[in-house]
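A.B. asks: Pasting in a structure now, in structure tokens, and then I'll have a few things to ask.
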Amino acid sequence: MIVLGLESSCDETGVALYDTERGLIAQQLHSQIDLHAAYGGVVPELASRDHVRRMPVLIRQALAEAGVSMAGLDAIAYTAGPGLAGALLIAAGTGQALAATLGIPALPIHHLEGHLLSPLLADDAPAFPFVALLVSGGHTQLMRVDGVGRYALLGESVDDAAGEAFDKTAKLMGLAYPGGPVLARLADQGVAGRVKLPRPMLHSGDLNFSFSGLKTAVMTQLRDASIAPADMAAEFQAAVVDVLVAKSLAALKQTGLSRLVVAGGVGANQALRARLNEATARRRQRVFYPEPALCTDNGAMIAFAGALRLLDGEGEGEGGAHAVAVRP
Ligand code: KG4
Ligand code: ZN
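Residue numbers (full-length UniProt numbering): 1 to 328.
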């Protein structure tokens, strides 16, 4: 069975084809970074208009890449949310219209479920059950994953998401959009510990996070001109990573599981990966990541999540109920 996956929740238009026999057979992605850079952040109206322009082109390119015709599709999976309201409508409208025309199921997929399952696309995929650390621009959650659609929330951010904290702090420091990866690169040139930032909720005794105070702490300390921006970036990154690592290890301990899956854009952060790899190796636990290209938003994770649901026997109309099992 071949599933077309459509993603348009934020500033990437993603289209991919997943074949349940052969795996990923096409991946097309268009990033709107250049479009939004001048504004220092995503402009929702511009994002929606660009998705409308790009989506049909990417669909044609994906079909050509795989040598598949529209008639060869068995289902269409699209990101149902969460995301920018207007932007989401492009994948939803396109997916539902195409599916209705072709007489095949349209599968609404929760964006976070896409991220959550993306490490399963790797050659060395984790087996269920596992703990997932979802760290994106909009969410920071720890989940217990027992199978497709069987997710239990263990903890989450009570305010800003980790990626949001990276982006907002980068903006405060006058770094270019998109801030997260730019701040991470600057951090690699600095030394953590020369400035002191808090580790919020490190000892809260639960698996929740809080990152908004970190941004305020950076803002206060930035008034001291003697602090090198690279040292501030390094300490900020160390603070976020310390908390993410400690809570992930606590989630493994609490659940008694030995596999940790990291998903979402912040999962691309090299400092986070290095610390998690080291900490889990010492405890005979293992950590799994999606391929770097699949860490941030893409159509492949949506096509894949749709294919798993189709294999599970899910057709049109049922997807929504399962798809919202992960809390937005
Ligand atoms: O998963 P994603 O592409 O989009 C959402 O669903 O939010 O994640 C984007 C987030 C942004 O906040 C971005 O700054 C952050 O991931 N990000 C990073 C890195 N690469 C992307 N944060 C820290 N270090 C990175 N290397
Ligand atoms: Zn995402």
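Every residue, glycine too, gets a C-beta built ideally from N, C-alpha and C. For clarity, every value in this text was computed on a predicted model and none was experimentally measured.
Mind checking whether GLY190 and MET232 have CB atoms under 9 Å apart?
C.D. replies: Indexing the sequence shown from 1 puts residue 190 at position 190. Indexing the sequence shown from 1 puts residue 232 at position 232. Yes, they are a contact pair.
A.B. asks: Tell me which residues share the same chain as ARG76 and place their Cβ nearer than 6 Å to its Cβ, disregarding the 5 neighbours each side in the sequence.
C.D. replies: The residue given as residue 76 occupies position 76 in the sequence shown. As written in the sequence, residue 76 is Ile, which differs from the Arg given in the question. Result list for ILE76: LEU4, GLY95, LEU98, ALA99 and ALA106, in chain order.
A.B. asks: Which same chain residues, not among the five before or five after ALA251, have their C-beta less than 6 Å away from its C-beta?
C.D. replies: Walking along the sequence shown from the start, residue 251 turns up at place 251. Cβ within range, chain order: VAL131, LEU142, LEU154 and LEU207.
A.B. asks: Given a cut-off of 9 Å on the beta-carbon distance, is the pair SER258 and ARG286 in contact?
C.D. replies: Locating residue 258 in the sequence shown gives position 258, where the first residue counts as 1. Locating residue 286 in the sequence shown gives position 286, where the first residue counts as 1. In contact: SER258 and ARG286 (Cβ atoms closer than 9 Å).
A.B. asks: Taking 8 Å as the cut-off, is the beta-carbon of ASN269 closer than that to any non-hydrogen atom of the ligand KG4?
C.D. replies: Counted from its first residue, the sequence shown places residue 269 at position 269. ASN269: yes, Cβ under 8 Å from the ligand KG4.
A.B. asks: Apart from the five residues just before and just after VAL195, which ones in its own chain have a Cβ nearer than 7 Å to its Cβ?
C.D. replies: Taking the first residue of the sequence shown as 1, we reach residue 195 at position 195. For VAL195, where only same-chain residues beyond five positions count, the Cβ hits under 7 Å are GLN221, ILE227, ASP231, MET232 and GLU235.
A.B. asks: In or out: PHE288 buried (at least 16 other Cβ within 10 Å) or exposed?
C.D. replies: In the sequence shown, counting from the first residue as 1, residue 288 sits at position 288. That one is buried.
A.B. asks: Considering just the uninterrupted stretch of the alpha helix (DSSP H) at VAL218, what are its terminal residues?
C.D. replies: Translated into the one-based positions of the sequence shown, residue 218 becomes position 218. 212 to 221 is the span of the alpha helix (DSSP H), which, as asked, contains VAL218.
A.B. asks: Along the chain, where does the alpha helix (DSSP H) containing GLU12 start, and where does it finish?
C.D. replies: By 1-based counting over the sequence shown, the position of residue 12 is 12. Where GLU12 is concerned, there is no enclosing alpha helix (DSSP H), although the beta strand (DSSP E) it sits in stretches over 12 to 19.
A.B. asks: Answer with buried or exposed for TYR18, where buried requires no fewer than 16 other C-beta atoms within 10 angstroms of its C-beta.
C.D. replies: Indexing the sequence shown from 1 puts residue 18 at position 18. Counting Cβ neighbours within 10 Å, TYR18 comes out buried, since at least 16 surround it.
A.B. asks: If we call anything under 9 Å between Cβ atoms a contact, is THR44 one with LEU84?
C.D. replies: As a position in the sequence shown, residue 44 is number 44, starting the count at 1. As a position in the sequence shown, residue 84 is number 84, starting the count at 1. Checking the sequence, you will find Pro at residue 44 rather than Thr. Closer than 9 Å, so yes.
A.B. asks: Taking 8 Å as the threshold, find out whether the region 61 to 80 comes into contact with the region 30 to 43 through three or more Cβ pairs.
C.D. replies: Flag = no, the region 61 to 80 and the region 30 to 43 do not touch.
A.B. asks: Mind checking VAL57: buried by the 16 CB within 10 Å criterion, or exposed?
C.D. replies: Taking the first residue of the sequence shown as position 1, residue 57 is located at position 57. The residue in question, VAL57, is exposed, as its Cβ has fewer than 16 Cβ neighbours within 10 Å.
A.B. asks: Below 8 Å, is the gap between the Cβ of GLY40 and the nearest heavy atom of the ligand KG4?
C.D. replies: As a position in the sequence shown, residue 40 is number 40, starting the count at 1. The answer is no for GLY40.
A.B. asks: Under three-state DSSP, which class holds PRO108?
C.D. replies: Mapped onto the sequence shown, residue 108 falls at position 108. Here PRO108 sits in strand by DSSP.
A.B. asks: Any contact between the region 236 to 245 and the region 263 to 281? By contact I mean 3 or more CB pairs, one from each, below 8 Å.
C.D. replies: Yes, the region 236 to 245 touches the region 263 to 281.
A.B. asks: Check this for me: beta carbons of ALA91 and SER8, under 9 Å apart or not?
C.D. replies: Here residue 91 refers to the residue found at position 91 when the sequence shown is read from its first residue. Here residue 8 refers to the residue found at position 8 when the sequence shown is read from its first residue. Cβ atoms of ALA91 and SER8: closer than 9 Å.
A.B. asks: Which residues have their C-beta within less than 5 Å of a heavy atom of the ligand ZN, listed in chain order?
C.D. replies: Taking each Cβ in turn, the ones that pass are SER136 and ASP297.
A.B. asks: Within its chain, find whatever has a CB closer than 8 Å to the CB of GLY72; leave out the 5 residues flanking it on each side and keep chain order.
C.D. replies: Translated into positions along the sequence shown, residue 72 becomes position 72. So the qualifying residues of the chain are ILE2.
A.B. asks: What is the DSSP secondary structure of ARG150, counted as helix, strand or coil?
C.D. replies: Counting from 1 along the sequence shown, the entry for residue 150 is found at position 150. The answer is strand: DSSP assigns ARG150 an E or B state.
A.B. asks: When the Cα of VAL266 is compared with those of TYR39, GLY306, PRO126 and THR296, which residue comes out closest?
C.D. replies: Here residue 266 is taken as the residue at index 266 of the sequence shown, counted from 1. It is THR296.
A.B. asks: Could you pull the DSSP bridge partners for ARG309 from this structure?
C.D. replies: Locating residue 309 in the sequence shown gives position 309, where the first residue counts as 1. The partner list for ARG309 (beta bridge, DSSP) is empty, contrary to what the question assumes.
A.B. asks: Taking all protein chains shown into account, decide if GLN27 is buried (16 or more other Cβ within 10 angstroms of its Cβ) or exposed.
C.D. replies: Within the sequence shown, numbered from 1, the residue matching residue 27 stands at position 27. Per the 10 Å Cβ criterion, buried.
A.B. asks: Rounded C-beta distance between ASP159 and SER212? I'm assuming under 8 Å.
C.D. replies: Your numbering for residue 159 matches position 159 in the sequence shown. Your numbering for residue 212 matches position 212 in the sequence shown. Rounded, the Cβ-Cβ distance is 4 Å, consistent with contact.
A.B. asks: Looking at the structure shown, is ARG259 part of a helix, part of a strand, or coil, going by DSSP?
C.D. replies: The count along the sequence shown starts at 1 and reaches residue 259 at position 259. Strand.
A.B. asks: Where DSSP assigns a beta bridge to SER31, which residues make up the other side?
C.D. replies: Position 31 of the sequence shown, counted from the start, is the residue given in the question as residue 31. According to DSSP, which records beta bridges pairwise, SER31 is partnered with GLU12.
A.B. asks: Kindly indicate which residue of ARG54, ALA303, GLY179 and ALA187 has the alpha-carbon position closest to the one of PHE166.
C.D. replies: Counted from its first residue, the sequence shown places residue 166 at position 166. The shortest Cα separation from PHE166 among ARG54, ALA303, GLY179 and ALA187 belongs to GLY179.
A.B. asks: Could you check what DSSP says for ILE227 in three-state terms: helix, strand or coil?
C.D. replies: As a working note, residue 227 is residue 227 in the sequence shown. If DSSP states are grouped into helix, strand and coil, ILE227 belongs with coil.
A.B. asks: Would you kindly check if the distance between the Cβ of LEU121 and the Cβ of PRO82 is under 9 Å?
C.D. replies: Here residue 82 refers to the residue found at position 82 of the sequence shown. Here residue 121 refers to the residue found at position 121 of the sequence shown. No. Outside cutoff.
A.B. asks: When you compare the CB positions of VAL42 and ASP11, do they come within less than 9 Å of one another, or not?
C.D. replies: Walking along the sequence shown from the start, residue 42 turns up at place 42. Walking along the sequence shown from the start, residue 11 turns up at place 11. Result yes, Cβ atoms of VAL42 and ASP11 sit closer than 9 Å.
A.B. asks: With GLU7 as the anchor, note down where its alpha helix (DSSP H) starts and where it stops.
C.D. replies: One-based indexing of the sequence shown puts residue 7 at position 7. From DSSP, GLU7 is part of no alpha helix (DSSP H) but of the beta strand (DSSP E) over 2 to 7.
A.B. asks: For ALA263 versus HIS30, is the C-beta distance shorter than 9 Å?
C.D. replies: Within the sequence shown, the letter at position 263 stands for residue 263. Within the sequence shown, the letter at position 30 stands for residue 30. No; because the gap between Cβ atoms is not below 9 Å, this pair is not in contact.
A.B. asks: Note down, in chain order, each residue of its chain lying with its Cβ closer than 6 Å to the Cβ of ALA307, except the 5 sequence neighbours on either side.
C.D. replies: The residue labelled residue 307 in the question sits at position 307 within the sequence shown. Result list for ALA307: VAL3, TYR18 and THR20, in chain order.
A.B. asks: Alpha carbon to alpha carbon, how far is LEU46 from TYR39? Give it in angstroms, no decimals.
C.D. replies: Here residue 39 refers to the residue found at position 39 when the sequence shown is read from its first residue. Here residue 46 refers to the residue found at position 46 when the sequence shown is read from its first residue. The alpha-carbon atoms of TYR39 and LEU46 are separated by roughly 11 Å.
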